[in-house]
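Trainee:
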Amino acid sequence: MSLYADTFLQLSQLLQHARHDWQHTPFSCTQLPWPELATALQALDEDELDTLDADDDAAFAWLSKYRSELLSARQLPLPDLKRAPDYATPRWSSGIGGRKWAQIKDFAANIHAINHKIADVTLTQPILEWCAGKGHLGRLLAQQGAPKVTSLEWAPDLCAQGEALASQLQLPHEFVCANALSPQAAALFQPPQIAVALHACGELHLRFLKHAAAAGTQQLAVSPCCYHLITDEHYQPLSQVGQQHDLKLDRHSLRLPLQQQITGGERVRRLRHIELTWRLAFDELQQTLTADTSYLPLPSFPKRLLSGDFSDFVLWACEKKSLTPPHIIDSEHWLALAASRRLLVKRIEFVRHRYRYLLELWLLLDKALFLEEQGYQVQLGLFTDLQHTPRRYLLQATLPA
Numbered sequence: 001m002s003l004y005a006d007t008f009l010q011l012s013q014l015l016q017h018a019r020h021d022w023q024h025t026p027f028s029c030t031q032l033p034w035p036e037l038a039t040a041l042q043a044l045d046e047d048e049l050d051t052l053d054a055d056d057d058a059a060f061a062w063l064s065k066y067r068s069e070l071l072s073a074r075q076l077p078l079p080d081l082k083r084a085p086d087y088a089t090p091r092w093s094s095g096i097g098g099r100k101w102a103q104i105k106d107f108a109a110n111i112h113a114i115n116h117k118i119a120d121v122t123l124t125q126p127i128l129e130w131c132a133g134k135g136h137l138g139r140l141l142a143q144q145g146a147p148k149v150t151s152l153e154w155a156p157d158l159c160a161q162g163e164a165l166a167s168q169l170q171l172p173h174e175f176v177c178a179n180a181l182s183p184q185a186a187a188l189f190q191p192p193q194i195a196v197a198l199h200a201c202g203e204l205h206l207r208f209l210k211h212a213a214a215a216g217t218q219q220l221a222v223s224p225c226c227y228h229l230i231t232d233e234h235y236q237p238l239s240q241v242g243q244q245h246d247l248k249l250d251r252h253s254l255r256l257p258l259q260q261q262i263t264g265g266e267r268v269r270r271l272r273h274i275e276l277t278w279r280l281a282f283d284e285l286q287q288t289l290t291a292d293t294s295y296l297p298l299p300s301f302p303k304r305l306l307s308g309d310f311s312d313f314v315l316w317a318c319e320k321k322s323l324t325p326p327h328i329i330d331s332e333h334w335l336a337l338a339a340s341r342r343l344l345v346k347r348i349e350f351v352r353h354r355y356r357y358l359l360e361l362w363l364l365l366d367k368a369l370f371l372e373e374q375g376y377q378v379q380l381g382l383f384t385d386l387q388h389t390p391r392r393y394l395l396q397a398t399l400p401a
């Protein structure tokens with residue numbers, strides 16, 4: 001009997017009913033899409049809006065006055081899983097950030113915990129580390145007793161660095177330098193194996209799950225990330241239940257769960273404010289250049305651009321979009337136009353942000369149900385603390401002996 005089907009069905013119904021709240025593209029809107037919320041949202045100034053948006057509990061309380069169904073959604077938390085006893089950093093972990101090291105240790109702690117529960121022993125099977133980077137997680141598991149670790153990574157320089165570190169420590173840890181989307185990568189999955197993936201992006205964690213299930217890999221653990229990085233235009237549910245209740249999530253909607261920050265300080269907040277303003281100001285400018293009122297999205301860019309002048313940003317953006325920049329860039333004019341539009345975007349994002357967790361939970365439950373359909377016993381929970389990363393969801397699955 002499924003542990004997750006009822007919750008998934010409840011969530012599917014809620015999100016389908018609330019599409020008009022979370023499916024908008026804020027940068028493309030010229031007015032608030034919810035007349036019933038307009039007066040209340042417009043009563044919040046920018047500082048109040050920023051403060052409220054940063055406090056999820058307070059924001060839910062505010063919006064639930066107008067969206068009572070959100071109260072029931074707050075009753076769908078995931079359980080806390082195992083945490084590492086400490087986050088002390090050994091010498092070989094030099095160069096790994098403190099938050100990343102905490103994620104790695106907490107992830108490894110759960111691999112040990114589930115193996116101890118199964119057989120009162122830990123790590124008797126070989127490890128496959130998927131999309132490994134330098135293999136920090138695999139190296140830790142090798143040091144903690146794994147008989148063999150194979151780390152898959154496509155970047156040759158990262159493989160070389162990982163191999164050098166493993167050699168220095170004389171660990172049973174090897175690298176396979178290959179594309180995770182290749183047949184060579186799929187062939188790495190074996191039945192007597194523990195397959196692990198810490199923050200595998202989009203298509204990479206989908207392939208991980210499909211390959212592991214097809215190979216009958218006995219145990220797997222994956223923390224998904226970057227749901228929008230998929231090969232299809234829309235998310236294709238893995239589970240039969242998900243296919244029956246498909247939300248038809250496009251890449252824009254799949255980005256929504258990622259719009260949560262846990263780090264920052266005043267400098268980061270200031271840069272976010274500048275970036276939003278400059279993107280909108282450039283859009284005002286490009287509409288004049290092209291006589292097209294459609295929003296023109298820009299790719300990600302180095303944050304050092306935000307330390308220069310807006311005119312330099314315009315030159316960069318015009319080059320990226322193959323536009324001829326104006327001879328004179330009236331920065332003050334375009335930035336003033338962006339200011340009022342920025343507040344509209346923030347008000348729309350405030351409502352959309354309340355659905356970040358619910359959309360991510362829907363995606364996670366689809367994967368959990370898929371694994372249950374393949375015969376796995378599944379556990380879904382929070383493997384690390386929010387202060388370490390907002391991508392703290394761990395899906396663990398074991399085939400019964």
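This note's numbering puts the first residue of the sequence shown at 1, with every later residue one more than the last.
Glycine is no exception: its CB is placed at the ideal position from the N, C-alpha and C atoms.
What residue range does the alpha helix (DSSP H) around residue 184 cover?
Mentor: Residue mapping note: residue 184 aligns to position 184 of the sequence shown, counting from 1. Unbroken alpha helix (DSSP H) run through residue 184: 183-186.
Trainee: Where does the unbroken alpha helix (DSSP H) through residue 223 begin, and where does it stop?
Mentor: Counting from 1 along the sequence shown, the entry for residue 223 is found at position 223. Unbroken run through residue 223 is the beta strand (DSSP E), 219-225; no alpha helix (DSSP H).
Trainee: Would you call the region 354-368 and the region 41-48 touching, i.e. three or more CB-CB distances under 8 Å?
Mentor: no
Trainee: Would you list the residues sitting across from residue 41 in a DSSP beta bridge?
Mentor: To locate residue 41, count along the sequence shown from 1; it is residue 41. Within the DSSP bridge table, the entry for residue 41 names no partner.
Trainee: Going by CA-CA distance only, name the one from 26, 137, 130, 316 that's closest to residue 184.
Mentor: Position 184 of the sequence shown, counted from the first residue, corresponds to residue 184. It is 130.
Trainee: Going by DSSP, what residues sit across from residue 379 in a beta bridge?
Mentor: The residue given as residue 379 occupies position 379 in the sequence shown. According to DSSP, residue 379 bridges with 396.
Trainee: What is the C-beta distance between residue 282 and residue 313, in whole angstroms, given that I count them as a contact (C-beta under 8 Å)?
Mentor: Position 282 of the sequence shown, counted from the start, is the residue given in the question as residue 282. Position 313 of the sequence shown, counted from the start, is the residue given in the question as residue 313. With 8 Å as the limit, residue 282 and residue 313 qualify as a contact, their Cβ atoms being about 7 Å apart.
Trainee: Under a three-way DSSP split, which group does residue 204 fall into?
Mentor: One-based indexing of the sequence shown puts residue 204 at position 204. Reduced to three states, the DSSP call for residue 204 is helix.
Trainee: Out of 329, 291, 320, which has the shortest C-alpha to C-alpha gap to residue 309?
Mentor: Locating residue 309 in the sequence shown gives position 309, counting from the first residue. When only C-alpha atoms are compared, the closest one is 329.
Trainee: Is the CB-CB distance between residue 376 and residue 213 below 9 Å?
Mentor: Along the sequence shown, one-based indexing puts residue 376 at 376. Along the sequence shown, one-based indexing puts residue 213 at 213. A contact, by the Cβ cut-off of 9 Å.
Trainee: In the DSSP assignment, find the alpha helix (DSSP H) that holds residue 12 and state where it starts and stops.
Mentor: The residue labelled residue 12 in the question sits at position 12 within the sequence shown. It spans 5-17 - the alpha helix (DSSP H) in which residue 12 sits, taken as one unbroken run.
Trainee: Pick out the complete beta strand (DSSP E) segments inside the region 315-398, 3 residues or longer, and give them in chain order.
Mentor: 377-382, 393-398
Trainee: When DSSP labels each residue in this structure, what does residue 89 get in the three-state scheme?
Mentor: Translated into positions along the sequence shown, residue 89 becomes position 89. DSSP places residue 89 in the coil class of the three-state scheme, outside both helix and strand.
Trainee: Please list the terminal residues of the continuous alpha helix (DSSP H) segment that includes residue 406.
Mentor: Any question about residue 406 goes unanswered here, given that the chain covers just 1 to 401.
Trainee: How is the alpha helix (DSSP H) around residue 167 delimited, first residue to last?
Mentor: In the sequence shown, counting from the first residue as 1, residue 167 sits at position 167. Under the DSSP assignment, residue 167 falls in the alpha helix (DSSP H) whose first and last residues are 156-169.
Trainee: What whole-angstrom Cβ distance do residue 315 and residue 299 have, given they're in contact under 8 Å?
Mentor: Numbered from its first residue, the sequence shown carries residue 315 at position 315. Numbered from its first residue, the sequence shown carries residue 299 at position 299. With 8 Å as the limit, residue 315 and residue 299 do not qualify as a contact, their Cβ atoms being about 15 Å apart.
Trainee: Given a cut-off of 9 Å on the beta-carbon distance, is the pair residue 208 and residue 195 in contact?
Mentor: The residue you call residue 208 lines up with position 208 of the sequence shown. The residue you call residue 195 lines up with position 195 of the sequence shown. Yes, the pair counts as a contact, with Cβ atoms nearer than the cut-off.
Trainee: Determine the DSSP secondary structure at residue 250, reduced to helix, strand or coil.
Mentor: Within the sequence shown, the letter at position 250 stands for residue 250. Residue 250 carries a strand assignment under DSSP once its states are collapsed to helix, strand and coil.
Trainee: Along the chain, where does the beta strand (DSSP E) containing residue 175 start, and where does it finish?
Mentor: The sequence position of residue 175 within the sequence shown is 175, counting from 1. Per DSSP, residue 175 is one residue of the beta strand (DSSP E) stretching across 173-177.
Trainee: Express the C-alpha separation of residue 203 and residue 230 in angstroms, rounding to a whole number.
Mentor: Here residue 230 refers to the residue found at position 230 of the sequence shown. Here residue 203 refers to the residue found at position 203 of the sequence shown. Distance between the alpha carbons of residue 230 and residue 203: 5 Å.
Trainee: Between residue 217 and residue 257, is the Cβ-Cβ spacing less than 9 Å?
Mentor: Translated into the one-based positions of the sequence shown, residue 217 becomes position 217. Translated into the one-based positions of the sequence shown, residue 257 becomes position 257. No, the Cβ-Cβ distance between residue 217 and residue 257 is not below 9 Å.
Trainee: Straight-line CA distance for residue 37 to residue 370?
Mentor: Walking along the sequence shown from the start, residue 37 turns up at place 37. Walking along the sequence shown from the start, residue 370 turns up at place 370. Looking at the two C-alpha atoms, the distance is approximately 38 Å.
Trainee: Does the beta-carbon distance from residue 240 to residue 373 come in below 9 Å?
Mentor: Here residue 240 is taken as the residue at index 240 of the sequence shown, counted from 1. Here residue 373 is taken as the residue at index 373 of the sequence shown, counted from 1. Taking 9 Å as the Cβ cut-off, residue 240 and residue 373 qualify as a contacting pair.
Trainee: The ligand FMN and residue 314: does any heavy atom of the ligand fall closer than 8 Å to the residue's C-beta?
Mentor: Questions concerning the ligand FMN fall outside what the structure shown contains, since it holds no ligand whatsoever.
Trainee: Find out if the Cβ-Cβ distance for the pair residue 106, residue 82 is shorter than 9 Å.
Mentor: One-based indexing of the sequence shown puts residue 106 at position 106. One-based indexing of the sequence shown puts residue 82 at position 82. Cβ atoms of residue 106 and residue 82: closer than 9 Å.
Trainee: Using the three-state DSSP reduction, which class does residue 112 fall into: helix, strand or coil?
Mentor: The count along the sequence shown starts at 1 and reaches residue 112 at position 112. Here residue 112 sits in helix by DSSP.
Trainee: So does the region 69-76 actually touch the region 3-21, counting three or more Cβ pairs closer than 8 Å?
Mentor: yes
Trainee: What are the boundary residues of the alpha helix (DSSP H) that residue 49 is part of?
Mentor: The residue you call residue 49 lines up with position 49 of the sequence shown. Looking at the DSSP string, the run of the alpha helix (DSSP H) that includes residue 49 is 46-53.
Trainee: Once DSSP output is grouped into helix, strand and coil, what is the label at residue 292?
Mentor: The count along the sequence shown starts at 1 and reaches residue 292 at position 292. Reduced to three states, the DSSP call for residue 292 is coil.
Trainee: How many angstroms separate the CA atom of residue 336 from the CA atom of residue 140?
Mentor: On the sequence shown, residue 336 is found 336 positions in, with the first residue counted as 1. On the sequence shown, residue 140 is found 140 positions in, with the first residue counted as 1. Using only the alpha carbons, I get a separation of about 52 Å.
Trainee: Can you tell me the Cα-Cα spacing of residue 243 and residue 20, whole angstroms?
Mentor: Against the sequence shown, residue 243 aligns to sequence position 243. Against the sequence shown, residue 20 aligns to sequence position 20. One C-alpha to the other measures close to 21 Å.
Trainee: Buried or exposed: residue 269, going by 16 or more other Cβ atoms within 10 Å of its Cβ?
Mentor: In the sequence shown, counting from the first residue as 1, residue 269 sits at position 269. Counting Cβ neighbours within 10 Å, residue 269 comes out exposed, since fewer than 16 surround it.
Trainee: I'd like the list of long-range same chain contacts for residue 16, defined as Cβ closer than 8 Å, with 5 residues on each side in sequence excluded.
Mentor: To locate residue 16, count along the sequence shown from 1; it is residue 16. Result list for residue 16: 245, 247, in chain order.
Trainee: Alpha carbon to alpha carbon, how far is residue 392 from residue 285? Give it in angstroms, no decimals.
Mentor: One-based indexing of the sequence shown puts residue 285 at position 285. One-based indexing of the sequence shown puts residue 392 at position 392. If I take the Cα positions, the gap works out to 39 Å.
Trainee: Going by Cα to Cα distance, which pick from 401, 4, 398, 389 is closest to residue 199?
Mentor: As a position in the sequence shown, residue 199 is number 199, starting the count at 1. Taking only the C-alpha atoms, the option nearest residue 199 is 389.
Trainee: How long is the line joining the alpha carbons of residue 277 and residue 346, rounded to whole angstroms?
Mentor: Against the sequence shown, residue 277 aligns to sequence position 277. Against the sequence shown, residue 346 aligns to sequence position 346. So the alpha carbons of these two residues sit roughly 11 Å apart.
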